[in-house]
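The structure appears right after this line, and notes come after that.
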Amino acid sequence: MSGSYLQAGHGIRSWLLSTDHKRVGILYLALMSGLFLAGAGIGFLMRLVQLYRFQPLITAQTYNALFTLHGVIMIFLFVIPGLPAVFGNFLLPILIGARDVLFPRLNLASFWFFAAGAAVALASLFTGGGPPDTGWSFYAPFSLRTGTNVTLAALGVFLLGFSSMLTGINFIATIHRLRAPGMGFFRMPLFVWSLYATGWVQILATPILAVTLILVMLERLFGVGIFDPARGGDPLLYQHLFWTYSHPAVYIMIVPAMGAISEILPTFAHRPVFGYRAIALSSLAIASVGSLVWGHHMFTSGMSETGDIVFSVLTMLVAVPSAIKVFNWVATLHRGRIDFEPPLLYALTFVFLFAAGGITGVLQGALSVNVHVHDTYWIVGHFHYVMFGGTGFAFLAAGLHWFPKMSGRMYSRRLAFAAWPLLFTGFNLLYGGMLAAGWMGMPRRYFHHLPRYHGIHVWMTVGSWILVAGILLYVAAILRGLLRGARAPANPWGGSTLEWTVPSPPPVENFETVPVITEGPYVFREGS
Amino acid sequence: MERWWIPPLGTWAALLVLTAALAALSRLGPAPALLGLLLLTPTKAWLVLRHFMHLKGEGLLLRVVPAVALGTLLIYLSLLFSDVAFR
Amino acid sequence: MNTAVHADAEGTRLGMWLFLVTELVLFGGLFMAYAYQRQLHGAAFHVGGQAMDARLGLTNTAVLITSSLTMALALEAARHGARGLSRAFQGATLALGLAFLAIKAVEWSAKFHHGLRPGHPHLASLPPGEQAFFGLYFTLTGLHGLHVVAGLLVLGGILALGKDRPLVLECGGLYWHLVDIVWIFLLPLFYLAA
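Chains as they are written, first to last, in this note's numbering: chain A, 1 to 528; chain B, 529 to 615; chain C, 616 to 809.
Written out as structure tokens, the structure reads:
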């Protein structure tokens, strides 16, 4: 038996140039954790300056740069790549009984495209005309005319898109070609199903973003008339193309999160997941229908009424496969033998917050409501319920669930439990407050607010402090585990999928002999 | 001896003939030109995909992959036109 | 080092096709932009098309289709063990690709000469629909030209480094044929638009 993947080589080169899918996953995790904390710090600052006392700290222009930066970091550098790049890389080959992804060198290249994209995006802050102030959506024609460094930021996001596409290609090809003998598609763990669906969205939607950003760059550099009405272009065309990618991107963000939850719940209920096929196929359904709803970002833009109606109906349809998942998760717990461990607590929080985010989404998908809440804090609140309450909490849950496997140690159970009430309370104060403020009419992205909104801004800002404290406590739980955690056994939770059959941390080649699969992924034995 | 150069030459000749037909149609006015655009162009692309890119002899999966891409693009286009055709 | 995984021929082909999907969708986004603008400015696109040189477009079509033929023949020759012949066909493909770019350069410089380039006051004085037409023309043919350059670099690298195994040639060829397909669509959208 060879040693664990952590002992396979020492020194920085053995990490930065490793084609081992597990090490590539850890590289992403390290880089993304830093970026996430930076993004959270910016969010904290944005909330802080809404208190009158702290407002003089920054200017309105800085505020524009901050919300742009917060969005670009969190969306393009954390939530979109998050679960596939970290947990997908680490676990996908192991979950299907393979020794690596199909194209290991391409996988390493994806990481370096990501790192380069992050570096270029961050370099845009300090060069040229200063940090972009357009918001993360780079809406034309403002993004074409602002003197800030939009061109470089767009190039950075373009590189990130490349990384995302290559990962998608690699995962789809790996799932088709490297499943262990006997593992048919309907014997794959649900996280693998979700990565498969996500991979397709990554390759079918990301190129549209790539070409949109190319067009923005061409228009800024050479004055090609595509989006700017003064040059024969059309800003609505920009919105169409941008959201043709950026709405499916929301499903690139949430579908792998749903996959991770579908692994955690049966593991801690010690019961086969309820409705395996329904959950598996609903991933594909969400990915495909979810790719066709982009127009709901444009209901107030002057789009045709026919378009409004078509996109509104399609938007509501996405709720069906999403609800199928939620009901099946809840039914999985029924009559389970439940171990109430931190990963389960965080996974259940995901289900609750995602449901809240989903329901507010259906609400604003209705045309009449949308007109009123468009571009208000309501949208920001909804988005954070889905993306942070959803994907973010799934990331936290997956982090706890697979931390023993990845590091070979146990995290601090006490601190992980202690972080939860802070995270949950802070989250709902902050983002629940946003829903309320938006409903009352507070527009998003405003540096100043009317006095009638000040009470709720104080409420949200206090919530952000509690939330940040929770995040720090969670990080402490992980760091304490890394430094002083007990050695993790191969299967600390009694899980049934393949990653729990190999040692913690896994050996370099994952499996001594490639397993032969004779049954579905969630068969729990007595005593396990 | 197997004459392996014959099938590619046939595809090539068909593509040239279709191109000539497309050019001729486009001279007849807007309606025939549009017909050529919508019928002959996809036929040419299909010939390249089927013969030069060997989709003819590939398994189901490799034939499904480009079909998914083209189907997706068609759906994208029709959704785009749910707006722009009804302004 | 992890030596356990080697992509088999079928897996390599799958990976290549998935990559081609991203290329198809990339150009698909531009075709969406074209369709959108043409729907809004149909008459102006007709006028814009009159400035196009259909003979150059048709010549380039013949050149590119023929280069696809030589590429397909290069692969067939390699599969049948005629390596020398295969390399000759690869060389012909490269030559035809370069000829395509040369004709393209002539065409673009004529447009530049007539003030039909982005940023030129003459183009800016035209109606919005015609500006959109030429904006799309330069974007689409320019991006396509970049793909031709990339294809030439890949095929030239394969030839120069002697890496012309059939599987490698097949993947390079798939890319080259895809570039051909994109051009097949560009021809009627721009050159025959009048």
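All residues carry an ideal CB built from backbone N, CA and C; glycine is no exception.
Remember, predicted model here, so these are calculated numbers, not experimental data.
If you draw a straight line from the C-alpha of residue i to the C-alpha of residue j, how long is it?
i	j	result
C/L700	C/H792	20 Å
A/E263	A/H270	11 Å
C/R702	A/V255	47 Å
A/L91	A/F171	11 Å
A/V313	C/W723	45 Å
A/N64	B/M581	49 Å
A/G259	A/Q202	16 Å
A/A77	A/F114	Reading the sequence as shown, one finds Leu at residue 77 of chain A and not Ala. The straight-line gap from Cα to Cα measures roughly 8 Å.
A/Q7	A/A257	30 Å
A/A153	A/Y238	17 Å
C/I718	C/V763	13 Å
C/A619	A/R99	Reliability fails at C/A619, whose pLDDT of 46 lies under 50, so the model's placement of it is uncertain and no value is given.
A/L209	C/L755	16 Å
C/A725	A/V224	18 Å
A/T332	A/G275	8 Å
B/A541	C/R780	27 Å
C/F753	A/E219	11 Å
A/I517	A/F185	12 Å
A/G130	A/T148	5 Å
A/H401	A/P343	5 Å
C/L688	C/R694	10 Å
A/W294	A/R231	26 Å
C/L679	C/T708	9 Å
C/M616	A/S18	With a pLDDT of 34 at C/M616, under the threshold of 50, the modelled position of that residue is not reliable, and the figure given next carries that caveat. C/M616 and A/S18: Cα-Cα distance of roughly 8 Å.
Could you check what DSSP says for residue i in three-state terms: helix, strand or coil?
i	result
B/R578	helix
A/P229	helix
A/P404	helix
A/P93	helix
A/P492	coil
A/R487	strand
A/P507	strand
C/R670	helix
A/T146	coil
A/S4	strand
A/R409	strand
A/Q50	coil
A/I80	coil
A/I58	coil
A/H297	helix
A/S288	helix
C/A650	helix
A/Y453	helix
Looking at residue i: is its Cβ nearer than 8 Å to the Cβ of residue j?
i	j	result
A/L213	A/I226	no
A/I359	A/V318	no
A/V369	A/M316	no
A/L533	A/G399	Since the displayed chain A opens at 1 and closes at 528, residue 533 of chain A lies outside it and no answer follows.
A/M165	A/P229	no
A/A173	A/L102	yes
B/V545	C/L655	no
A/L435	A/H382	yes
A/R409	A/R487	yes
Who are residue i's beta bridge partners in DSSP?
i	result
A/T518	None; A/T518 has no bridge partner.
A/R277	In the DSSP output, where bridge partners are listed per residue, A/R277 has none listed.
A/P421	Answer is none; A/P421 lacks a bridge partner.
A/T376	A/P443
Please list the partners that residue i has in chain C, where partner means a Cβ-to-Cβ separation under 8 Å.
i	result
B/F614	Simply none; closest approach about 10 Å.
A/L345	Correct list: empty, because the minimum Cβ distance to chain C is about 36 Å.
A/F224	According to the sequence provided, residue 224 of chain A is Val. The question's Phe does not apply to it. Going along chain C in sequence order, the residues near A/V224 (Cβ under 8 Å) are P733, G750, F753 and T754.
B/A559	Under the 8 Å cutoff, chain C gives no residues; its nearest Cβ is about 13 Å from B/A559.
A/F36	Ordered by position in chain C, no residue passes the 8 Å Cβ test against A/F36, which lies about 27 Å from the chain.
Below 9 Å on C-beta distance, what does residue i contact in chain A?
i	result
B/L589	H176
B/A597	I203 and L204
List, in order along the chain, the chain B residues whose C-beta lies closer than 9 Å to that of residue i?
i	result
C/M647	L601, Y604, L605 and L608
Name the chain C residues that come within less than 9 Å of residue i, Cβ to Cβ?
i	result
A/I80	Chain C residues near A/I80: none, gap ~16 Å exceeds 9 Å.
B/V576	I680, S683, H792, L793, D795, I796 and I799
Taking residue i as the query, report the chain A residues whose CB atoms sit under 7 Å from its CB, ordered along the chain.
i	result
C/V721	Result: empty, since nearest Cβ-Cβ is about 20 Å, beyond 7 Å.
C/P814	Residue 814 of chain C lies beyond the range of chain C shown here (616 to 809); nothing can be said about it.
Using a C-beta to C-beta distance shorter than 7 Å, which residues of chain C count as neighbours of residue i?
i	result
B/K572	I799
Could you tell me which chain B residues have their CB closer than 7 Å to the CB of residue i, listed as they occur along the chain?
i	result
A/T244	Y604
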